[in-house]
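Novice: Each number in our numbering comes from the position in the sequence shown (counting from 1) with 205 added on.
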Amino acid sequence: MEQNERGVWGSRLGFILAAAGSAIGLGNIWRYPYVVGENGGAAFVLVYVTCVLVIGLPVLIAELSLGRRTTLNPVGAFRSLSNSKAWPWVGYLGVATGVGILSFYLVIAGWTLGYIVRTLIPTTEDFTQFVANPVEELGYFLGFLCLTVIVVLGGVEKGIERWSKFLMPALFVLLLSLISYNLTLEGSSAGVEFYLKPDFSKIHGSTILAALGQAFFSLSLGMGTMITYGSYISKRENIPVSATAVVLSDTLIALLAGLMIFPALFSVGMEPSQGPALVFNVLPRVFELMPGGAFIGLAFFVLLAIAALTSTVSLLEVPVAFLVDERKWSRKKAVSIIAAATFVVGIPSALSQGSSELLTTMQVAGQTGFLSLMSHLFSNLSLPIGGFFVCIFVGWVWGTKNAVEEIKLGTGETAQRIFWGWELLVKYVCPLTILIVFLNIFGVFG
Ligand code: TRP
Numbered sequence: 206m207e208q209n210e211r212g213v214w215g216s217r218l219g220f221i222l223a224a225a226g227s228a229i230g231l232g233n234i235w236r237y238p239y240v241v242g243e244n245g246g247a248a249f250v251l252v253y254v255t256c257v258l259v260i261g262l263p264v265l266i267a268e269l270s271l272g273r274r275t276t277l278n279p280v281g282a283f284r285s286l287s288n289s290k291a292w293p294w295v296g297y298l299g300v301a302t303g304v305g306i307l308s309f310y311l312v313i314a315g316w317t318l319g320y321i322v323r324t325l326i327p328t329t330e331d332f333t334q335f336v337a338n339p340v341e342e343l344g345y346f347l348g349f350l351c352l353t354v355i356v357v358l359g360g361v362e363k364g365i366e367r368w369s370k371f372l373m374p375a376l377f378v379l380l381l382s383l384i385s386y387n388l389t390l391e392g393s394s395a396g397v398e399f400y401l402k403p404d405f406s407k408i409h410g411s412t413i414l415a416a417l418g419q420a421f422f423s424l425s426l427g428m429g430t431m432i433t434y435g436s437y438i439s440k441r442e443n444i445p446v447s448a449t450a451v452v453l454s455d456t457l458i459a460l461l462a463g464l465m466i467f468p469a470l471f472s473v474g475m476e477p478s479q480g481p482a483l484v485f486n487v488l489p490r491v492f493e494l495m496p497g498g499a500f501i502g503l504a505f506f507v508l509l510a511i512a513a514l515t516s517t518v519s520l521l522e523v524p525v526a527f528l529v530d531e532r533k534w535s536r537k538k539a540v541s542i543i544a545a546a547t548f549v550v551g552i553p554s555a556l557s558q559g560s561s562e563l564l565t566t567m568q569v570a571g572q573t574g575f576l577s578l579m580s581h582l583f584s585n586l587s588l589p590i591g592g593f594f595v596c597i598f599v600g601w602v603w604g605t606k607n608a609v610e611e612i613k614l615g616t617g618e619t620a621q622r623i624f625w626g627w628e629l630l631v632k633y634v635c636p637l638t639i640l641i642v643f644l645n646i647f648g649v650f651g
């Protein structure tokens, strides 16, 4: 028997949709535009797309093959393929990162819920007042955490796969309609220029790190999500083809989200570098201008909430799979304990948008506010570090020969040359690039 009782995806398309569901989320529609805005626009977009193709895609294939070979969570996967006691620590880092990312991601996901409720029950409170209200912030954060828990308790197939199926096409169509509307707004062409006309003087070491971090974040890489999801796929699955489909759809949605936001942003005369509140400040203004905007805004935030849910589920799934496999906890116990820990860790993020003066204005590592700091630390540092070790492990410890053997189970005789290119990327190009970006940030090159 090739699969065990841990669960397995119900179908080929089911897996691609679930992996794309994990990848596509607030990272594309909330984080990507604000990071592009902070890093100067079009030139950053080019660096980002390069990172996605040259580093993201090979690392995604590496994580999926590691998961499928071992059918284990990240900690178990590293442990089972090496004798060293050090490697499982990459898995532990992933488990901790899962809780860390989830803790601030759920706060933003809570904003989508808040937006939905505020459309249905109109209030006079504007968005800035909404995010500065501690009761609402913590309430919606907790609400979204509960939704995530309900889905994860349902298990792999029924819980996760079912949710992923209808979302993408709907989100895609809505994005296209919003783009065509926003491009007609007065003054929108300045936004198109900001987003599409590169000014290379804006690229620095920190820009490249931000692009790399965003690539890892958006593709759900570097913390074992894709190892865990890979552990639920069948040997017949064609990993390179599925990975390419996930990368292309995720990148397309992000690129479109930028095209939706920047024309509107310039049209209403707002600042591109305003940070995490960007989309939530711009979009409501657009919906006010638009005929039928209240309804469209509602539809948009409902879809965004579902997109966020398929991502929070994949984040929670990593620590849960770890506790279930390695510590033999019941699924229920694992989910409750991780959820409680996440809530506690997330409290400062929830209070960092105006509720607490200190958490809102603190300046650390070039970031303003606790939530931005969490988003920076976990995405730009923890994920690329995890990705670096995945490359070293697959490239040099488990070995690309073994990995290719695993990957080939689903690809037939096709693509010898492709494997050769992949080996080169995983062994040399990806880890060296990540290393250089880090050394540069820490000032090694002066
Ligand atoms: N990729 C998701 C998004 O873009 C977020 C996410 C889910 C994630 N699982 C992850 C990010 C694992 C990093 C690692 O919204």
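For glycine and all other residues, C-beta sits at the position ideal for the given N, C-alpha and C.
To the nearest angstrom, how far is it from the Cα of T456 to the Cα of V254?
Specialist: Their backbone Cα atoms lie some 8 Å apart in a straight line.
Novice: Got a sec, what are the start and stop residues for the alpha helix (DSSP H) Q479 sits in?
Specialist: First-last for Q479: undefined, no H or E at that position.
Novice: Using beta-carbon positions only, say whether V250 and Y400 come within less than 8 Å of one another.
Specialist: Taking 8 Å as the Cβ cut-off, V250 and Y400 qualify as a contacting pair.
Novice: Using only CA atoms, which one of E610, F471 and G429 lies nearest to G272?
Specialist: Ranking E610, F471 and G429 by Cα distance to G272 puts G429 first.
Novice: Which value, in whole angstroms, describes the spacing of the CA atoms of D530 and V518?
Specialist: Taking the straight line from one Cα to the other gives about 18 Å.
Novice: DSSP has V569 in a bridge; who is on the other side?
Specialist: According to DSSP, V569 bridges with Q572.
Novice: Considering only the beta carbon of each residue, do V569 and V304 sit closer than 8 Å?
Specialist: Cβ distance not < 8 Å, so V569 and V304 don't count as in contact.
Novice: Do you know offhand how far L576's Cα is from L343's?
Specialist: Distance between the alpha carbons of L576 and L343 is about 14 Å.
Novice: With 16 other CB atoms within 10 Å as the buried threshold, where does I306 fall?
Specialist: I306 comes out buried.
Novice: Quick one: is R236 buried, meaning 16 or more other Cβ sit within 10 Å of its Cβ, or exposed?
Specialist: Under this definition R236 is a buried residue.
Novice: Is W625 helix, strand or coil by DSSP?
Specialist: The answer is helix: DSSP assigns W625 an H, G or I state.
Novice: Enumerate in chain order the residues of its own chain whose CB-to-CB distance from R490 is below 7 Å, with the five nearest sequence positions on each side excluded.
Specialist: Cβ within range, chain order: V473.
Novice: Using a Cβ-Cβ cut-off of 6 Å (strictly less than) and excluding sequence neighbours within five positions of G498, which residues of its own chain qualify?
Specialist: F492.
Novice: Nearest by alpha-carbon distance to L390: which of F467, I444 and L376 is it?
Specialist: Of the candidates F467, I444 and L376, the one whose C-alpha sits nearest the C-alpha of L390 is F467.
Novice: How long is the line joining the alpha carbons of A223 and S560, rounded to whole angstroms?
Specialist: If you take the alpha carbons of A223 and S560, they lie about 35 Å apart.
Novice: Is the closest heavy atom of the ligand TRP to the C-beta of F422 under 7 Å?
Specialist: True, at least one ligand heavy atom lies under 7 Å from that Cβ.
Novice: Give the C-beta separation of G315 and F346 to the nearest angstrom, bearing in mind that I take them to be a contact with Cβ-Cβ under 8 Å.
Specialist: So it is a contact: roughly 4 Å between Cβ atoms.
Novice: I'd like to know whether the C-beta atoms of I543 and L521 end up nearer to each other than 8 Å.
Specialist: Yes; because the gap between Cβ atoms is below 8 Å, this pair is in contact.
Novice: Counting along the chain, where does the alpha helix (DSSP H) carrying Y434 start and finish?
Specialist: Counting along the chain, the alpha helix (DSSP H) containing Y434 begins and ends at T430 to G435.
Novice: Any contact between the stretch 586-594 and the stretch 498-509? By contact I mean 3 or more CB pairs, one from each, below 8 Å.
Specialist: Too few Cβ pairs lie closer than 8 Å, so no.
Novice: Go through its chain and collect everything with a Cβ distance to I552's Cβ below 8 Å, but skip five positions before and after it.
Specialist: L343.
Novice: Specify the secondary structure class of V634 as computed by DSSP and reduced to three states.
Specialist: Helix at V634.
Novice: Taking only three categories from DSSP, how would you classify L343?
Specialist: Here L343 sits in helix by DSSP.
Novice: Please report how far the alpha carbon of S425 lies from the alpha carbon of F505, in whole angstroms.
Specialist: So the two alpha carbons sit approximately 22 Å from each other.
Novice: In terms of alpha-carbon separation, which member of G219, V259, L262 and V354 lies closest to F548?
Specialist: Looking at the Cα atoms, V354 is the closest of the given residues.
Novice: Residue ranges of each alpha helix (DSSP H) run of no fewer than 4 residues wholly in the stretch 480-549, ordered along the chain?
Specialist: Within the stretch 480-549, the complete alpha helix (DSSP H) runs of at least 4 residues are 483-494 and 498-531.
Novice: If you draw a straight line from the alpha carbon of L417 to that of A482, how long is it in whole angstroms?
Specialist: So the two alpha carbons sit approximately 21 Å from each other.
Novice: Along the chain, where does the alpha helix (DSSP H) containing T255 start, and where does it finish?
Specialist: Counting along the chain, the alpha helix (DSSP H) containing T255 begins and ends at A247 to C256.
Novice: Between which residues of its own chain and T302 is the CB-CB distance below 8 Å, once the five residues before and five after are set aside?
Specialist: Hits under 8 Å: G427, M428, F583, S587, L588 and G591.
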